[in-house]
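Chemist:
Protein chains: 2
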Amino acid sequence: MTGVRAPAAYEMVLAHVEERLTSGEWRPGDRLPPERELAARLGASRQAVREALRVLQAQGVIRSQVGTGSDSGTVVVPAPARALGRVLQLHLAVDSFPVDDVTEARVMLERFSAGLAARRRSAADLLGMAAELDAMDADLDPAAFSDADIAFHVAIAASGGNKLVSELTRAIRESVRGVLLGAMHEERDWPALRARLRAEHREIHAALAAGEGVRAADRIEAHIRAFHGRRLSRPGPA
Amino acid sequence: MTGVRAPAAYEMVLAHVEERLTSGEWRPGDRLPPERELAARLGASRQAVREALRVLQAQGVIRSQVGTGSDSGTVVVPAPARALGRVLQLHLAVDSFPVDDVTEARVMLERFSAGLAARRRSAADLLGMAAELDAMDADLDPAAFSDADIAFHVAIAASGGNKLVSELTRAIRESVRGVLLGAMHEERDWPALRARLRAEHREIHAALAAGEGVRAADRIEAHIRAFHGRRLSRPGPA
DNA sequence: GGTAGCGGTATGGTCGGACCACACACAAGC
DNA sequence: GCTTGTGTGTGGTCCGACCATACCGCTACC
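Taken in sequence, the protein lines are chains A and B. Position 110 of the first sequence, counting from 1, maps to 109 under numbering that gives the first Met the number 0, and the rest follow consecutively. Position 132 of the second sequence, counting from 1, maps to 131 under numbering that gives the first Met the number 0, and the rest follow consecutively.
1) According to the Cβ coordinates, are methionine 128 (chain A) and phenylalanine 151 (chain A) closer than 8 Å?
2) Give me, in chain order, the residues of the same chain whose beta-carbon lies closer than 6 Å to that of methionine 0 (chain A); leave out the 5 immediate sequence neighbours on both sides.
3) According to DSSP, is glutamate 18 (chain A) helix, strand or coil?
4) Please compile the residues from chain A whose C-beta is within a distance smaller than 8 Å of the C-beta of glutamine 64 (chain B).
5) Taking only the alpha-carbon atoms, compute the straight-line gap between proline 141 (chain A) and phenylalanine 226 (chain A) and give it to the nearest angstrom.
6) Answer with yes or no whether the minimum CB distance from phenylalanine 151 (chain A) to chain B is below 8 Å.
7) Give a yes or no on whether the C-beta atoms belonging to valine 75 (chain A) and aspartate 29 (chain A) are separated by under 8 Å.
8) Closer than 9 Å, Cβ to Cβ, to anything on chain B: give me those residues from the segment 38-70 of chain A, in chain order.
9) Under the assumption that valine 93 (chain B) contacts valine 60 (chain A) (Cβ atoms under 8 Å), give the Cβ distance between them as a whole number of angstroms.
10) Just to make sure I have the definition right: I need the residues of chain A whose C-beta is within less than 7 Å of the C-beta of threonine 21 (chain B). Which are they?
11) What residues are listed by DSSP as bridge partners for glutamine 64 (chain B)?
12) Using a 10 Å radius around the Cβ and a threshold of 16 neighbouring Cβ atoms, would you call glycine 210 (chain A) buried or exposed?
13) Less than 8 Å between CB atoms is the rule here; does aspartate 100 (chain A) satisfy it with respect to chain B?
14) Under 8 Å between C-beta atoms, does serine 95 (chain B) make it to chain A?
15) What are the boundary residues of the alpha helix (DSSP H) that includes leucine 31 (chain A)?
16) Just how far apart, CA to CA, sit aspartate 100 (chain A) and proline 32 (chain A)?
17) Just the C-alpha distance for leucine 192 (chain B) and alanine 116 (chain B), rounded to the nearest angstrom, thanks.
18) Note the first and the last residue of the continuous alpha helix (DSSP H) segment covering arginine 187 (chain A).
19) Excluding the 5 residues preceding and the 5 following serine 158 (chain B) in the sequence, name in chain order all residues of the same chain whose CB lies nearer than 6 Å to its CB.
20) Using 10 angstroms around the beta-carbon of glutamine 64 (chain B), count the other beta-carbons present and answer buried if the total reaches 16, otherwise exposed.
21) List, from N- to C-terminal side, the alpha helix (DSSP H) runs of 4 residues or more that fit wholly inside the segment 109-183 of chain A.
Next up, the structure:
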C-alpha cells in the first residue's frame, strides 16, 4: 500500500553506503563496519550487504580482506582505472560500441594528454618515461611489451596532470589489450614491428621533452592509428 | 596443494559468464540460464552466482526480472552509460579526481563531438536537437532543465557518430548532475541563468547546422566552462 | 626472562535450505 | 467467450551454519 514498491534490500544497502561515501563520512583508507554489523544496523540480511559490497568492489571503491589486522576487513580504496577498464572491455565484447570508435576515442584522449604533457611535464616525468622506454629495449614478447607500452602511454597521460583523463586512458588502453595482443601475435615479423613501435615512442618522447605539444600529439596519433589499423577493424574476408 | 589458492567462487562464476559474453555465445537480447541452473552447472552456490550477476548488472551488461514471460529472467542488455556514470560519480565523490579535471575532460569530449557532429549530423539529428531546445523553452525548474540539458548535449554527441564518446559524454554529464543542480539552485536569478543557457544552446545548434565545426566547438567549450566555473571549483572561503 | 607454540577471536567466504513475490500459462467455471 | 483461479518458473530475501584466514594474547617450555 505504500505506492512505492519495496526498493530491493541490496539497493537499500548500496544507497546507504554510497551516501556515506558521498557525504565524506567514509573516506579513502577508512574501514567499513563488519558485514554482520552493517546488516544488523540496516535491518538487512548479510547476503544483501554482501551483494552491495560486491558491486562497490567491482566499481573500484572498496577492497575486502579476511583477518583481524588493521588492513583487513572492508576498506575504502579507490581504484577507478581497473573498474572502468573492465566495464569498457565487457561492453566492447558485447558490441556496445565498435572498435573503430575506441580507436578514435583513444586518439582524442592521448592527443589531449600529449598537448598537456608537453606543457606541464616535469623533468622527473621525462626521466620516468625514458626509463619505461629503456625497459622496452629488451627482447620482450608481445605480452611483456604490451604491458610496458601501457605503462609508457599512461605515464604520458599522468604527466599531463588530469587524473580523470589519465584513468580513462589507462582504461581504454587496457580494454583493447586483448585485441592488440592478438595483432602482435599474428604479426609475422614481430621484432621488426617492435622496433618500429620503439622508434615511434622515442619520437613522441623527444617532442614532449622539447615542449612541442602539437608535434607530440601528431606523433602519438600516427602511432596509435598505425597500430590499431593493423587489424583491429574489418572482420570481413581477407 | 594446487599452489594457486582457490580463486573465489563468485569470481569463477564471473569469469565463466564473461567468457561466454566475450566469445559471443551469449549476445545482447539472449537469456542467461536460471540462477539455480547456473549454480548447479558450475558447482557453485546460488549466492556465488548472484554476486557475480550483481556485478555484471552494475556494469550495465545484464538485467534481471522475475516472472516467467519471455522478457523475464536474466537477459543480456548492454547499458554502458549508466554504469560508467555511476562509477565516475562515485569516484568523484571519493576524490579519485578533482572536479576541475572533470570539467576539462568534458570540454575535450564535447569539443570533439561538436567537430564530428558539424560534419556528420543529419537533417533528422538537427530536428531532434531543435525539439530538445524547444522543450527547454518552458519554465522548467532546475531538475527538469538539467535533464533536458543532458538530452541536448547527448544528442550532439550521438550525432557525432562515435558511440563510445557519446556514452562517455553522457556518463560524465550525469556524474556532475548533482553538483550542477546544486549550482542552479543556489543561483539567485534562475530564470536569467536559464535564459542565458538557452541562448548558448541555440548558438551551438546554429553552428552545427551551418556545419562550422570549430565555431561549434568553441561555443560549446565556452558554454561548459561558464557553467562549470560558476561554483564547481574552489571550496575555499568566499 | 625470553621465546616459541597454541588456542581464542574477529573477519570475510561459502554453502544449503527455505520461503516470498511476481508474472505468465493454462484450465476450470460462469 | 470471458473471467477467474491455480500452477509453475523465475528472481528476491532471509536464516543459520560452518570454513579459512590472520592477528592477539596467553601459556609453557627452555
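C-beta atoms are modelled at their ideal positions from N, C-alpha and C, and glycine is treated no differently.
Modeler: If we stick to the structure as given:
1) A Cβ-Cβ contact shorter than 8 Å links methionine 128 (chain A) with phenylalanine 151 (chain A).
2) A caution first: methionine 0 (chain A) carries a pLDDT of 41, below 50, which makes its placement in the model unreliable, though a value can still be read off. For methionine 0 (chain A), where only same-chain residues beyond five positions count, there are no Cβ hits under 6 Å.
3) Glutamate 18 (chain A) carries a helical assignment under DSSP once its states are collapsed to helix, strand and coil.
4) Within 8 Å Cβ-Cβ: nothing; glutamine 64 (chain B) doesn't reach chain A, min ~12 Å.
5) Their Cα atoms are separated by approximately 13 Å.
6) By this cut-off, phenylalanine 151 (chain A) is not an interface position.
7) Taking C-beta atoms as the reference points, valine 75 (chain A) and aspartate 29 (chain A) count as a pair closer than 8 Å.
8) Those residues of the segment 38-70 of chain A that come within reach of chain B (Cβ to Cβ, closer than 9 Å) are Gln46, Arg49, Glu50, Ala51, Arg53, Val54, Leu55, Gln56, Ala57, Gln58, Gly59, Val60.
9) About 6 Å separates the Cβ atoms of valine 93 (chain B) and valine 60 (chain A), confirming a contact at the 8 Å cut-off.
10) Ala92, listed in chain order.
11) DSSP output for glutamine 64 (chain B) lists B:Gly72 as bridge partner(s).
12) Using a 10 angstroms sphere on the CB of glycine 210 (chain A), the tally of other CB atoms stays under 16, which defines it as exposed.
13) By this cut-off, aspartate 100 (chain A) is an interface position.
14) With 8 Å as the cut-off, serine 95 (chain B) counts as an interface residue toward chain A.
15) Counting along the chain, leucine 31 (chain A) falls outside any alpha helix (DSSP H), and DSSP gives it neither H nor E.
16) Spanning the alpha carbons of aspartate 100 (chain A) and proline 32 (chain A) requires a straight line of approximately 42 Å.
17) Spanning the two alpha carbons is a distance of roughly 26 Å.
18) First-last for arginine 187 (chain A): undefined, no H or E at that position.
19) Ala116, Arg120, Asp124, listed in sequence order.
20) By the C-beta density criterion, glutamine 64 (chain B) is exposed, having fewer than 16 other C-beta atoms within 10 angstroms.
21) Entirely contained in the segment 109-183 of chain A, the alpha helix (DSSP H) runs reaching 4 residues are, in chain order, 122-134, 141-159, 162-174.
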